[in-house]
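Engineer: In UniProt numbering, the protein residues as written are 1 to 179. From the three backbone atoms N, C-alpha and C, an ideal C-beta is built for every residue, glycine too. Note that the structure is predicted; figures quoted are calculated from it, not measured. Quick one: the structure is below, questions incoming.
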């Protein structure tokens with residue numbers, strides 16, 4: 001075998017609302033890594049005023065049935081009654097080839113909002129990720145530029161996202177390696 005072995009990727013992940021301090025801190029650290037270090041969209045930190053009202057959601061790698069590390073995150077907030085917005089979707093680099101983490105985070109984000117009275121769920125999605133969202137039954141409303149990058153303002157088809165009332169428990173997703 002040439003080169004080092006691939007990094008270890010847990011076989012199971014729990015996707016849930018961030019309810020513990022270490023989960024919230026892990027989500028913030030992952031966002032800094034992805035949006036500040038890797039993508040250079042923000043200088044030093046990506047936190048903004050939305051974080052004060054947002055609900056953070058995390059994907060936790062599980063080892064032997066115990067949560068080990070935050071490997072994915074997204075945040076949701078409600079700027080007006082019935083309208084929910086998702087933002088800052090991030091997955092740790094070594095977990096991006098796990099075919100379902102981004103989709104699982106999106107699913108819990110929209111389904112959590114639906115359980116809380118959402119009538120419209122939108123997000124600004126980097127253009128390179130728009131195909132994933134289209135596959136998950138989102139439609140592009142317009143194309144815009146944010147932070148110097150092309151984005152799609154997209155809206156979820158809520159009929160595809162039944163309410164998920166227990167976001168604190170979340171759900172378990174098993175690793176499926178993408179090709």
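Let's test the definition: count the other Cβ atoms within 10 Å of the Cβ of residue 135 and tell me whether it reaches 16, buried, or not, exposed.
Structural biologist: Exposed: under 16 other Cβ atoms inside 10 Å.
Engineer: Excluding the five sequence neighbours on either side, which residues of its own chain have a C-beta within less than 6 Å of the C-beta of residue 90, listed in chain order?
Structural biologist: Excluding positions up to five away in sequence, the list reads 30, 31, 34 and 73.
Engineer: Suppose the cutoff is 8 Å on Cβ atoms and the five residues either side in sequence are ignored; what does the same chain contact list for residue 46 look like?
Structural biologist: Excluding sequence neighbours, residue 46 sits near 31, 32, 35, 36 and 88.
Engineer: What span of residues does the alpha helix (DSSP H) with residue 111 cover, start to end?
Structural biologist: Here the alpha helix (DSSP H) through residue 111 covers 101-115.
Engineer: Work out the CA separation of residue 95 and residue 179 for me, nearest whole Å.
Structural biologist: With a pLDDT of 45 at residue 179, under the threshold of 50, the predicted position of this residue should be treated as unreliable, though the coordinate-derived value follows. Answer to the nearest angstrom: the Cα atoms are 13 Å apart.
Engineer: What residue from 126, 116, 169 and 49 has the CA that sits closest to residue 145's CA?
Structural biologist: When each option's Cα is compared against that of residue 145, the closest is 126.
Engineer: What are the complete beta strand (DSSP E) segments, minimum 3 residues, inside the stretch 111-177?
Structural biologist: Taking only runs of at least 3 residues, the beta strand (DSSP E) segments lying wholly in the stretch 111-177 are 120-126, 138-146, 149-156 and 171-174.
Engineer: Give the single residue among 42, 59, 154 and 106 whose Cα lies nearest to the Cα of residue 11.
Structural biologist: Of 42, 59, 154 and 106, the residue nearest in Cα terms is 59.
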